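Visitor: Mind the numbering: the sequence shown is residues 517 to 648 in the numbering used here, read in order.
For glycine and all other residues, C-beta sits at the position ideal for the given N, C-alpha and C.
Source: prediction; values computed, not measured.
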Amino acid sequence: NAAACRFGIRQRKKAVRSVGMPPSSRGSPLDRSESALSSESFDALCCPLTLDMFEDPVILVGDGHTYERSAIAAWLEKNTASPLTGVELDDSGRAVIPNFAVKKMIQEVRAAEAAAETAASSSSSSSSKPAP
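1. Could you give the DSSP three-state label for T596: helix, strand or coil?
2. Considering just the uninterrupted stretch of the beta strand (DSSP E) at V612, what are its terminal residues?
3. Kindly indicate which three-state DSSP category P564 falls into: helix, strand or coil?
4. Which partner residues does V574 have in the DSSP bridge list?
5. Taking the C-alpha atoms as reference points, what is the distance between G578 and A590?
6. Taking 8 angstroms as the threshold, find out whether the segment 590-605 comes into contact with the segment 614-627 through three or more Cβ pairs.
7. Is it right to say V574 is buried, meaning 16 or more other beta carbons lie within 10 angstroms of its own, or is it exposed?
8. Among residues of its own chain, excluding the 5 on either side of I613, which ones have a beta-carbon nearer than 7 angstroms to its beta-carbon?
9. Excluding the five sequence neighbours on either side, which residues of its own chain have a C-beta within less than 7 angstroms of the C-beta of L600, listed in chain order?
10. Under 8 angstroms, do L567 and V625 count as touching if we go by C-beta distance?
11. Residues bridged to M569 by DSSP?
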């Protein structure tokens, strides 16, 4: 088991509230619940080497796991085995390919966070205006 992602619990809860569920699932038992975006879901958006949220996620062909591109490149400069499985990697197994699905999920979480912050900022500034 990898250590917990450094994407903090406050950010996780804010993202869960702001992302919610797609319109087709509203009204379901998972409607905007934290179980929809659990701690494990956020850990999947973080590199097991850096524990930070991915910026440039890539899949290491030899083990199928996703890593931050710069972190796995640095690892592979000094090691010949997978950092998670310990399996020795041949040249083809050391290749990386972009993980577009993870990158898209991160973009959606960040967009939702930005929208939530904008909404919170505009609601707090409008509520602090004195009545005429």
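Guide: This is what the structure gives:
1. coil
2. V612 to P614
3. coil
4. Y583 and P614
5. 16 angstroms
6. no
7. buried
8. V574, I575 and V577
9. P564, D579 and H581
10. no
11. C562
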